[in-house]
Amino acid sequence: MKGLHFLLALFTLALASSLAFASDTSPLQDFCVAATDPKDGVFVNGHVCKDPKIANSDDFFFTGLSIPKNTSNPVGSTVTPVNAAQVPGLNTLGVSMVRIDFAPNGGLNPPHTHPRATEILVVLKGKLYVGFVTSNPKNRLITKVLNKGDVFVFPVGLIHFQHNVGKSHAVAIAALNSQNPGVISIANAVFGSEPSISPDILAKAFKLDGNAIKDIQSKF
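Numbering (my numbering), first residue to last: 1083 to 1302.
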């Protein structure tokens, strides 16, 4: 009898475990092209999708990643996204990409995070100093200088950056394992939030004078 109870308990535990870990991260159909007009869509798996019968090649197409972008801005970089907003056919497929252009002599993609995606980046042109910081309590800085053809991975959610340390324009392409990876620019989020975070809070967090914090906030 004890053996029977043991087997029954083991079976119940196995069943509970299988249910707990069960998930369906894959699409439930070939594709789910995001519908710009709900009248043209059907509700599938929590999303409004274009009727597959009227999907066409343009829903899966984007052009323009070969075009250099203007980097005349305060940070000296421009990001060109290719996600479900630009390619409706990416909806539910869990992948996106970006082109990043860097100005010579210091163009920077400032410290930021992607809360929903790991990023893998390849340098197409130039030389980049890249890195990410591990989570508390160590906060280790892991960096590498990349040249043309080199690849680097930024783990999901970790603060990371790319900096052009060459004398010419640099270009990189990155892929992310989310159709909407999200971007949190650290400086913008902390010093440029709406409404502003209290200078007293930031002064204590950054160990700075309140007036210094206000000066920084005024730049955002």
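Backbone N, C-alpha and C fix where the C-beta goes; we use that ideal spot for every residue, glycine too.
Treat the numbers as computed from the prediction; the structure is a model and nothing was measured.
Cβ shell of residue i (< 7 angstroms), same chain only, five flanking positions each side left out
i, result
"PHE1273", "ILE1298, GLN1299, PHE1302"
"GLY1264", "HIS1196, PRO1197, ARG1198"
Opposing strand residues paired with residue i [DSSP bridges]
i, result
"LEU1183", "Note on identity: in this sequence residue 1183 is Asp, with Leu being the wrong assignment. In the DSSP output, where bridge partners are listed per residue, ASP1183 has THR1160, VAL1253."
"GLY1311", "Because the chain is modelled from 1083 through 1302, residue 1311 falls outside the range shown and cannot be assessed."
"HIS1245", "LEU1190, TYR1211"
"THR1195", "ILE1266"
Cβ neighbours of residue i in the same chain (closer than 6 angstroms, five flanking residues each side left out)
i, result
"VAL1235", "ILE1202"
"ARG1181", "LEU1147, THR1162, ILE1255"
"VAL1215", "ASN1221, LEU1223, ILE1241"
"ASP1141", "VAL1115, PRO1170, GLY1171"
Pairwise C-alpha distance: residue j and residue i
i, j, result
"ILE1136", "LYS1289", "58 angstroms"
"PHE1143", "GLY1171", "8 angstroms"
"LYS1286", "LEU1240", "23 angstroms"
"THR1221", "GLN1244", "Here residue 1221 turns out to be Asn, not Thr, going by the sequence shown. Rounded to the nearest angstrom, the two C-alpha atoms are 18 angstroms apart."
"SER1139", "VAL1169", "10 angstroms"
"LYS1230", "LYS1207", "5 angstroms"
"VAL1227", "ALA1185", "17 angstroms"
"VAL1247", "LYS1209", "6 angstroms"
"GLY1351", "LYS1296", "What is shown of the chain runs 1083 to 1302, which leaves residue 1351 out entirely."
Sequence-distant residues of the same chain with beta carbon closer than 8 angstroms to residue i, five excluded per side
i, result
"ALA1269", "PRO1192, PRO1193, PHE1302"
Member of the options whose CA lies at the smallest distance from the CA of residue i
i, options, result
"LEU1249", "ASP1112, ALA1116, GLY1176, GLY1188", "Reading the sequence as shown, one finds Lys at residue 1249 and not Leu. With distances taken between Cα atoms, LYS1249 lies closest to GLY1188."
"GLY1176", "ALA1257, THR1225, LEU1284, THR1118", "ALA1257"
"THR1153", "ALA1294, PRO1277, ALA1252", "ALA1252"
"ASN1262", "ASN1155, ILE1149, VAL1157, THR1174", "THR1174"
"ASP1183", "SER1267, ALA1167, ILE1149, PRO1237", "ILE1149"
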